[in-house]
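Worksheet: the structure to be examined is printed underneath.
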Amino acid sequence: MTSNRPSGRPSSGGVPPTSRRSARQQRLAAREANRTLARAGTRNSGRSSGPLMMYTIIAVAIAAVVIAGAFIITNQSKATVPLAPPNAPVGSALTPASIPVNGFTLGNASAKHTIDIYEDFQCPYCRDFTVDTEPQIIANYVASGKAKLVWHDLVIIDSKTGGTESLDAANAARCAEDQGMFWPYHDWLYANQYSEGSGAFTKDRLKTVGKLVGITDLTKFNSCVDGGTHNSEVSAASSASLAAGYNSTPTVVVDGTATSGFDYATVSAALDKVLGVTPSPSVGASSSASSSPSVSPTPTATPS
Amino acid sequence: MADTTMAGTASRPSLWRRIRSIHPGLVLATLDLIGLGIASYLSFEELQNHPLVCATGGIFDCNAVAQSSYSRPFFNIPVAVYGVFLSLTLFVLAIAWWRTGNYRLLLLHYGLSLVGVIFEGWFQFAQVVLIKKVCIWCESYGISLILRFVVALWVYLRTPNPDAALSEELAE
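Listed below in structure tokens is the structure:
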């Protein structure tokens, strides 16, 4: 009897095929015999769990030491660990250069409707709004002149962290606006936001960002940053925002009415309401992988 | 008597049999190369201070994670660099095990990948809870690491101990 099976594996356990046994039954029997032998071989291999346990214990111990070290070092020196140099904003974090700007206003200054945004540069949700929602708003409402976007300072995180990074960042942004560079500087700040109070917006980094953004008169800019030239204006603006009842960031206000949320669906619904349009689902302009649906308005009623 | 089961059938092994015939060391080495590629990209971009190419939205933001101090816990070196060295070491171990059959090399591969998996668990915590952003590239590397750990463990548990087999032969 010959067999084409791989060497080392028996064919049929010594039982000769009978005329009544189908080829399939023979194969099944042989397969079961092989499995039995393999299991026996494994059980009798004498493989000890000792080495595996030893390596596991050592690995866990090493990992524990590494993690403990990482945690301790990170938390102890979080404020002093040199941060990576600022990175340029990319993708949806960039305010389109084609949109007209006028100081802190983005879009056609004479647009009938206004979207006021109240933000703190250290606020992570503000960053989410800037990267995810704002590009869609710009593409669907600001670019076409239906509305304009107006930035407002609302510095509230410093009181939580005990630092001045929010104030310094807002001041630096106004220093950039002195040279007509608020919106590019705004993009760079959000592109380089770290966790709150972690040193992302020290004056040195703010000045570095100014250089990278391309501010022409760096001497004037750096002096403005170092001296806190616009601190009082930032504080006044924040106080006015708080007095208006806006005490969280980001706050989005459409024609004087604060929206209930800052996701695109909520903001666009508020915009469509003031525009008097019925929204229809369509692809938004955002290139981000946002889970919020993008909606652009399709006029079906008499425009307001 | 000819094996009737093989009568009339081609001698070409099935696809599953061909997959199973691949030495697991090569499987591990392939996974190690994938991890090495991901870690190398992250290392190169982060050391050059270039922004990472990745989709952003919601909780996903590779650059926020990369810029965090939790991504540079030791000597301001990105964790991705350590990932490069780990993947390179694992790759060498996998190839060495494939070539020599020394199961201690497999155990070492298992142990090191376990260290990596545990550290990945910590890094996941840091991303979700502390940084509040998740890096897709880091997730991909973590998945490759988990796969390597699982494969190494599975292979070890199914590999007969050559030392015990040798002892049995000598006893006979």
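Quick mapping for you: the protein sequence lines, in order, are chains A and B. Here the numbering used here is used: the first sequence runs in plain steps of one and ends on residue 421. Here the numbering used here is used: the second sequence runs in plain steps of one and ends on residue 271. All C-beta atoms in this analysis are idealised placements derived from N, C-alpha and C, irrespective of residue type, glycine included.
Which residues in the same chain have their Cβ closer than 7 angstroms to the Cβ of residue i, if we skip the five residues on either side of it in sequence?
i, result
"E145(B)", "A165, P177, A179"
"R119(B)", "none"
"A354(A)", "H269, D270"
"A138(B)", "A179, G182, V183, S186, Y240"
"S142(B)", "P177, A179, V180, V183"
"D102(B)", "For D102(B), the pLDDT reaches just 43, beneath the cut-off of 50, and the residue's location in the model is therefore unreliable, although a value from the coordinates is still provided. There are no such residues."
"V259(A)", "I216, L223, G224, K265, L266"
Find the residues of chain A that neighbour residue i, judging by a C-beta separation of less than 8 angstroms, and give them in chain order.
i, result
"F173(B)", "G186, A187, I190"
"Y255(B)", "L169"
"L135(B)", "Within chain A, no residue comes near L135(B); the closest Cβ sits about 20 angstroms away, beyond 8 angstroms."
At a CB-CB cut-off below 9 angstroms, which residues of chain A make contact with residue i?
i, result
"I217(B)", "A176, V177, I179, A180, A181, V183, I184"
Could you check where the alpha helix (DSSP H) with residue i kicks off and where it finishes?
i, result
"T319(A)", "Neither: T319(A) is in no alpha helix (DSSP H) and is coded neither H nor E."
"A226(A)", "Taken as a continuous stretch (DSSP letters only), A226(A) belongs to no alpha helix (DSSP H), as it is neither H nor E."
"D160(B)", "It is not in any alpha helix (DSSP H) - D160(B) carries neither H nor E in the DSSP assignment."
"N339(A)", "335-344"
"P123(B)", "123-146"
"S243(B)", "235-257"
"L108(A)", "Residue 108(A) lies beyond the stretch modelled for chain A, which goes from 118 to 421, so this question has no answer here."
"L114(B)", "114-119"
"T278(A)", "275-278"
"I254(A)", "251-254"
Terminal residues of the continuous beta strand (DSSP E) containing residue i?
i, result
"Y235(A)", "230-236"
"A260(A)", "From DSSP, A260(A) is part of no beta strand (DSSP E); its letter is neither H nor E."
With DSSP run on the structure shown, which of helix, strand or coil describes residue i?
i, result
"D372(A)", "coil"
"H208(B)", "helix"
"T191(A)", "helix"
"T212(A)", "coil"
"F174(B)", "coil"
"D270(A)", "strand"
"V394(A)", "coil"
"V351(A)", "helix"
"V228(B)", "helix"
"V207(A)", "coil"
"N288(A)", "helix"
"V218(A)", "strand"
"D245(A)", "helix"
"D389(A)", "helix"
"V152(B)", "coil"
"Y311(A)", "coil"
Throw me the rounded Cβ distance for the residue i and residue j pair, which I believe falls under 8 angstroms.
i, j, result
"V369(A)", "I232(A)", "7 angstroms"
"F159(B)", "I235(B)", "6 angstroms"
"R291(A)", "V207(A)", "In fact, because the Cβ distance is near 25 angstroms, the residues do not count as touching under 8 angstroms."
"S385(A)", "N257(A)", "7 angstroms"
"F358(A)", "Y235(A)", "One detail in the question is off: residue 358(A) reads as Ser in this sequence, not Phe. Going by Cβ atoms, the distance from S358(A) to Y235(A) rounds to 5 angstroms, so yes, they are a contact pair."
"I121(B)", "S243(B)", "Not quite, the Cβ-Cβ distance comes to about 18 angstroms (not below 8 angstroms), so this is no contact."
Tell me which residues share the same chain as residue i and place their Cβ nearer than 6 angstroms to its Cβ, disregarding the 5 neighbours each side in the sequence.
i, result
"W115(B)", "none"
"A128(B)", "F190, A193, I194"
"A286(A)", "F238, L306, F318"
"H230(A)", "A264, D372, V391"
"G262(A)", "N225, A228"
"T247(A)", "Y307"
To which residues of the same chain is residue i closer than 8 angstroms at the C-beta, ignoring the five residues directly before and after it?
i, result
"L211(A)", "D304"
"V330(A)", "A293, M298, P301, Y302, W305"
"V182(A)", "none"
"T374(A)", "A387"
"G362(A)", "A375"
So which residues of chain B does residue i contact, with C-beta pairs closer than 9 angstroms?
i, result
"T222(A)", "The contacting residues do not exist; T222(A) stays about 26 angstroms from chain B at best."
Interface residues of chain C around residue i at Cβ under 9 angstroms?
i, result
"W221(B)", "In summary, chain C is missing from the structure at hand, where the protein chains are A and B."
So residue i contacts chain B; which residues on that side make the cut at Cβ distance below 7 angstroms?
i, result
"P241(A)", "K231"
"S315(A)", "S168"
"Y311(A)", "Q166, S167"
Can you pull the chain B residues whose beta carbon is under 8 angstroms from the beta carbon of residue i, in chain order?
i, result
"Y258(A)", "By Cβ distance, chain B contributes nothing, its closest Cβ being about 20 angstroms from Y258(A), past 8 angstroms."
"Y172(A)", "L206, L207, Y209, G210, L213"
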